[in-house]
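Contents: one structure, followed by commentary.
In our numbering, the protein residues as written are 299 to 436.
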């Protein structure tokens, strides 16, 4: 006696359109998270370089979380060109807030900024993986 709801031969098993098993997806997600963390962990020991120095040391909006909110409507580089009659810059309140959170977490040391960057990359990996699983399952 055969069960009509079960495939009975190998070809019908291969043709099954069932999504990947949940443990497989969880394993793949954990592998991607581990790979991302492995790639970005060395940055935790890094120093500030290039435009980090004026952005983090001089920008009023990155000095504290409160300052990030109070300077949210100012151009990002406005502090760097105060002598100009025209203030040029772009509006980046989320970047200022992220840098201010990094300063707060690390008490001003580069570790705080790099830790926030690592956490954002991990979050991006999780979101991209979830989006891919949703798009590929349809």
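Beta carbons are placed, not taken as given, at the ideal position from N, Cα and C, and that holds for glycine. Small disclaimer: the values here were computed from a predicted structure and weren't measured.
The DSSP-derived three-state label of residue 344 is coil. Judged by beta-carbon spacing, residue 397 lies within the 8 Å limit of residue 360, meaning their Cβ atoms are closer than that value. In the DSSP annotation of this structure, residue 369 is not part of any alpha helix (DSSP H), being labelled neither H nor E. Taken atom to atom, the span from the alpha-carbon of residue 399 to that of residue 414 is near 8 Å. Between residue 331 and residue 423, the C-beta spacing is below 8 Å. In the DSSP annotation of this structure, the continuous segment of the alpha helix (DSSP H) that includes residue 401 starts and ends at 391-404. The alpha carbon of residue 390 has as its nearest neighbour, out of 319, 401 and 371, the alpha carbon of 371. Spatial neighbours of residue 393 in its own chain (CB-CB distance under 8 Å, excluding positions within 5 residues in sequence) are listed in chain order as 374. Look at residue 349 here: in three-state DSSP terms it is coil, with no helix or strand label. The Cβ-Cβ distance between residue 419 and residue 348 does not fall below 8 Å. Under the DSSP assignment, residue 321 falls in the alpha helix (DSSP H) whose first and last residues are 320-338.
Around the C-beta of residue 430, fewer than 16 other C-beta atoms lie within 10 Å, and the residue is accordingly described as exposed.
The Cβ neighbour count for residue 336, taken over all protein chains shown within 10 Å, is under 16; the residue is labelled exposed.
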